[in-house]
Structure formats: C-alpha cells, structure tokens
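What follows is a short report on a single structure.
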Amino acid sequence: MAKCRIHFIALGQSICIPVLHFFLAGFAFLFSVTELFSQVQGSAGQGTTKPFTATVALREGYDSNPLTQSYQSTQDIQSSTYTSIQPSLGYNYTGLQADAAVRYDFSGTYYPSINQQYDIQYAQTLVGRYTYAIDPRTSVTLANNFLYTEQPLVAQFVQAGIAPTFNTSTINNLATVQGDYRVTDRLSMITRWNNTLVYLGGGQANNNYMNNGAFQQFRLDFTPETVGTFSFDYQIYDYDNDNTYRDNQQAAFSIGADHVFLPTLFFSGRVGLQLNDNFGLNDAPTVIGSGGMGSGEQEIGVNPFASISATWNYEEKSFVSAGFSAQVQQSNLTTSSDSEAYTLNFNWDHYFTDKFSVIQSFFVNLAVFTPELSQSQTQALYPGALYLGSGQQTTVTYQCKFAYEFYPYLAAELGWSYTSYGSYFDENNGNGGSYTRNQVYVGLRGTY
Numbered sequence: 007m008a009k010c011r012i013h014f015i016a017l018g019q020s021i022c023i024p025v026l027h028f029f030l031a032g033f034a035f036l037f038s039v040t041e042l043f044s045q046v047q048g049s050a051g052q053g054t055t056k057p058f059t060a061t062v063a064l065r066e067g068y069d070s071n072p073l074t075q076s077y078q079s080t081q082d083i084q085s086s087t088y089t090s091i092q093p094s095l096g097y098n099y100t101g102l103q104a105d106a107a108v109r110y111d112f113s114g115t116y117y118p119s120i121n122q123q124y125d126i127q128y129a130q131t132l133v134g135r136y137t138y139a140i141d142p143r144t145s146v147t148l149a150n151n152f153l154y155t156e157q158p159l160v161a162q163f164v165q166a167g168i169a170p171t172f173n174t175s176t177i178n179n180l181a182t183v184q185g186d187y188r189v190t191d192r193l194s195m196i197t198r199w200n201n202t203l204v205y206l207g208g209g210q211a212n213n214n215y216m217n218n219g220a221f222q223q224f225r226l227d228f229t230p231e232t233v234g235t236f237s238f239d240y241q242i243y244d245y246d247n248d249n250t251y252r253d254n255q256q257a258a259f260s261i262g263a264d265h266v267f268l269p270t271l272f273f274s275g276r277v278g279l280q281l282n283d284n285f286g287l288n289d290a291p292t293v294i295g296s297g298g299m300g301s302g303e304q305e306i307g308v309n310p311f312a313s314i315s316a317t318w319n320y321e322e323k324s325f326v327s328a329g330f331s332a333q334v335q336q337s338n339l340t341t342s343s344d345s346e347a348y349t350l351n352f353n354w355d356h357y358f359t360d361k362f363s364v365i366q367s368f369f370v371n372l373a374v375f376t377p378e379l380s381q382s383q384t385q386a387l388y389p390g391a392l393y394l395g396s397g398q399q400t401t402v403t404y405q406c407k408f409a410y411e412f413y414p415y416l417a418a419e420l421g422w423s424y425t426s427y428g429s430y431f432d433e434n435n436g437n438g439g440s441y442t443r444n445q446v447y448v449g450l451r452g453t454y
C-alpha cells in the first residue's frame, strides 16, 4: 500500500537554561495557537533515520541577568556564571503504515552567584507524535508536547500571552489531532483540533488559561509548483481567574499560496481577517451601565491578518529563512484580553566546511495595546488596578552559535544570546518589567 507521508522541518531554540528543541511544522499559518502547535508537529525524534538517538551537552557560561530584573529596579541586577547540562533521548519508528517518534529533553543550570532557592533551575520537554496512514489518501496524526520550564522561552512566550520574564515555573501542554485527506489529485484538506493548557506560577498566575480550537484548510494544486489555500481557524480562551473578565474567542479566515520558485527556494503567504470577541466582560453586567462594556453589547473586533515567509536552501546543509506576520495575540496584561502583534523572524544556518558551522536567529515581536475601557470603567471592573492607557511591548532576541565537529560524535560550541524586553504605556508610569540580558557560553556536545 502506498503510504501518506508528512514532511517536517526541525528547528532548535537556544535559551539560557540550555537548548530546548522544538519541532516546527512546515505550516505558514501563523496565528498564535499555530505558533504553539508548531512545537509538536515536527519530528519528536532527532530528525534522523536512526531508531535511537542521544545527545548530551555541557556548558560553562556567563549570564548578565538570569532573573530578568528590570533596569528600572532600585536593586542591583544580579549576574552570574553558570554551569549547565542538557541530555536528550529520542526514539523513531517507521513502519509500512505508521510512523512514531518520542523525545525527552532535560536541562539543568546552576547559577552560583544567586545563592537562593532558585539558583538551580530546570526545564523538561516531552514530545510525542504518531502518524497512521489509513489509506493512500488519508492519514491521522496524534501529537503532544509537554513543557516545564523555570526560564522564559521568549519567542514562544510572547505570542502565547506570557510575559517573557523570570517565573518560578511555567507549564505548557499542547495536544493536537490532525487529519490529512487528499480529495482528488489536485484538492486536499487538513483538519485539526488543538488543546493548550498554560499554567504559570508566581505573580503571573492570573494569566493561566485553557485554549481549545479547530482549524480547517483546503489546498488546491494549481500547478506542480503552486498550491492555493483557504483556511478557517476558531479558538476559544478560558482564563482560570473569572474576576479578570478575559475570556475571549477568535475566528479567522484567510486565503494564500505556497510556491516553489526553484527546488531550493520556497515561498508562502497568507492574508485574511480575524474576528475577536471578548465575551468575558459579560460576567459583570451590573458594573457598567446599560449598553456599556459589561452589557454584552460590545462590538466584535475585526483585524486584518497577514503572514509571509520564505526559505532558501542554498547549499546541502545551509539555508536562510525569514518571515513576517501581523495578527492578534493573547495579552499578558490582567486588564486586557489581546493585542495587535507584529512579528519578524530570521534564521540562518551556514556550514563553512563539513565540520565548521554557524547558526543564527533573530526575532522581534511588537505588541500594541489600545484600551477597550476608560479609566473609570477599568477601576470599576478591576478594583485596585492601574489604568495604563495605550502602549506597547517590544521583545527582541538574537542568538548565535558557532560549532566545530572534532568527530562525528563530538563538537565544541561557542555562543551568544541577547534578549531585550520593553513595556511602555502612557499612564501611571506603566513601564515596569523592562530588561536586557546577555548570555555567552562555551561547551561540548556529544551525539549518538
């Protein structure tokens, strides 16, 4: 029987508590839930045909701000050297009708200069995926990604409505069920259900939520090189703290195209509309008068959506990719359910020789907040909360790692990571939490 195959692209994410690998699908539909969905939809193994894989990395480094303390703080910002260890185990299975992969990553980092109960910080990731080909035209994929971390994964956090600052703990679990079906030789479709659970400790507990959603995409092959798409995406967000009135739902429609200019050059683009309804405010009909925010008569917000991405594989193991999106994402503010977001990312992997390589990534996210409530309404709904007015949050990360392979199983690494987070609002000096952070390290990585 011919087998339905799903192709995946694996990308690594470097963080201060060592590298956690997330596996991104070749999907360009970049709604906020899709950013999280992409963590599990790639191979849960090591991206190789070997059934068992294992790696371990040891690093010594310096971190200028491991606790992401604000530069507006009256306390001195703590810096520290650190030692980290990152073991990883993976298993891949390929059968006649089924593929399966599972991977476990652990990382632990010791900061001797902190000298507090959190001077040792951990992260764990368990990723699993199972794909079954029912027939030559139909396949089903089950995937799950469990993440526990005590450090911010910046690019993932900000698009999920989590402030990219040090937290005592963060748990993020994403489960997906996806069906791929080819209707005719030219028409295919993708159907997906997703469930996301976000649990935050410390001062961010009000941001805990559960997200359920459904996604449907139709794909039409115009030519062997060009595929047109029509997509519908529905997401509902249920926050644990009902007193914040942040429950909301989103519906999005988009059209787009995927095009192969050359065997090594790929382009993808989407445009559409997002409809946003903050129905959580209906929980307080008596707080604000008839026809106000609490009456259930708030207009549904309509926002344009656009995303574009391109990848160029210019050598056997070297590539450049870039992408931009404009969309609505969840907010990390207690008094706001969402924000307009503009995201730019760039990745470059280059092999100077078979043994010497460099990996670079650049990420920018600009979240723009427009107040839905007046100052009096804000204080009525959220007693004790400050009215911040309009504002923005800007997150920038840059990561660079050089690697040299002494042997196929042993490599040396030298890396640098930079993070900047700025939160600026018009009223009541709402600029807290802004910080910068630099990390440098040297290390060894063993691979089986």
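Positions 7 to 454 (this note's numbering) are the ones given, in order, by the sequence shown. Every residue gets a Cβ at the ideal spot worked out from N, C-alpha and C, and that includes glycine.
Closer than 8 Å to chain B by CB, residue i
i	result
arginine 143	Among the chains in the structure shown there is no chain B, since it carries only a single protein chain.
Buried versus exposed, by CB contacts within 10 Å (16 or more), residue i
i	result
alanine 129	buried
asparagine 247	exposed
lysine 407	buried
glycine 207	exposed
phenylalanine 431	buried
glycine 105	For the record, residue 105 in the displayed sequence is aspartate; it is not glycine. With 16 or more other Cβ atoms within 10 Å, it is buried.
alanine 211	exposed
valine 268	Sequence check: residue 268 is leucine here, not valine. Exposed.
arginine 65	buried
glutamine 81	exposed
alanine 31	Unreliable placement is indicated for alanine 31, whose pLDDT of 35 sits below 50; no coordinate value is reported for it.
leucine 42	Residue placement at leucine 42 is poorly supported in this model, since its pLDDT is 37, which falls under 50; the coordinates are not used for a value here.
asparagine 284	buried
tyrosine 413	exposed
tyrosine 99	exposed
alanine 169	buried
arginine 135	buried
alanine 63	buried
alanine 220	exposed
Residue i vs residue j beta-carbon contact at 8 Å
i	j	result
alanine 325	aspartate 360	In the sequence as presented, alanine is not what sits at residue 325; that position holds phenylalanine. No. Outside cutoff.
threonine 312	alanine 328	It should be noted that the sequence gives alanine, not threonine, for residue 312. No, the Cβ-Cβ distance between alanine 312 and alanine 328 is not below 8 Å.
serine 86	proline 57	no
serine 440	glutamine 78	yes
glycine 167	asparagine 371	no
asparagine 71	arginine 443	yes
threonine 171	threonine 155	no
serine 345	phenylalanine 369	no
asparagine 253	tyrosine 243	The amino acid occupying residue 253 in the given sequence is aspartate; asparagine does not appear at that position. Yes, they are a contact pair.
serine 90	alanine 60	no
asparagine 200	leucine 226	no
threonine 425	valine 164	no
tyrosine 245	tyrosine 215	yes
tyrosine 88	aspartate 111	no
asparagine 319	threonine 270	yes
tyrosine 415	tyrosine 454	yes
asparagine 309	glutamine 280	yes
valine 133	asparagine 121	no
valine 364	asparagine 282	no
phenylalanine 358	alanine 316	no
glutamine 127	glutamine 157	yes
glutamine 405	glycine 428	no
threonine 137	threonine 147	yes
tyrosine 97	valine 108	yes
asparagine 231	valine 266	The residue asked about is misnamed: residue 231 is glutamate in this sequence, not asparagine. Contact: yes.
methionine 195	phenylalanine 224	yes
Cβ-Cβ separation, residue j to residue i (assumed contact under 8 Å), whole Å
i	j	result
threonine 197	glutamine 184	7 Å
glutamine 255	phenylalanine 238	Contact flag wrong, Cβ pair sits at about 14 Å.
leucine 153	threonine 131	5 Å
asparagine 173	valine 204	Not confirmed; about 11 Å, so no contact.
glutamate 419	valine 448	7 Å
isoleucine 314	glycine 275	5 Å
alanine 139	glutamine 103	5 Å
alanine 347	alanine 386	Going by Cβ atoms, the distance from alanine 347 to alanine 386 rounds to 28 Å, so no, they are not a contact pair.
Contact test: residue i Cβ vs the ligand SAM heavy atom, cutoff 7 Å
i	result
asparagine 212	Looking at this structure, you won't find the ligand SAM or any other ligand, since it has none at all.
Worksheet item: What residue ranges within the stretch 112-145 form continuous alpha helix (DSSP H) runs of no fewer than 4 residues, ordered along the chain?
Response: Taken in chain order, the stretch 112-145 contains no complete alpha helix (DSSP H) segment of 4 residues or longer.
Practice prompt. Would you check if the stretch 258-267 and the stretch 222-236 touch, i.e. whether three or more CB-CB distances between them fall below 8 Å?
Written response: Enough Cβ pairs lie closer than 8 Å, so yes.
Item to complete: Output the residue ranges of the alpha helix (DSSP H) runs that lie fully inside the stretch 371-429 and measure 4 residues or longer, sorted by chain position.
Response: Fully enclosed alpha helix (DSSP H) runs of 4 or longer: 381-387.
Item to complete: Just list the alpha helix (DSSP H) runs in the stretch 204-279, keeping only unbroken ones of 4 residues or longer that don't cross its boundaries, in chain order.
Response: None, since the stretch 204-279 contains no complete alpha helix (DSSP H) of that length.
Discussion item. Threshold first: 3 residues or longer. Then list the beta strand (DSSP E) segments lying entirely within the stretch 71-116, N to C.
Written reply: If we require 3 residues or more, the beta strand (DSSP E) runs fully inside the stretch 71-116 come out as 86-100, 104-116.
Item to complete: Mind listing, in chain order, the continuous beta strand (DSSP E) runs of no fewer than 3 residues lying wholly within the stretch 303-351?
Response: DSSP runs (the beta strand (DSSP E)) wholly in the stretch 303-351: 307-318, 325-336.
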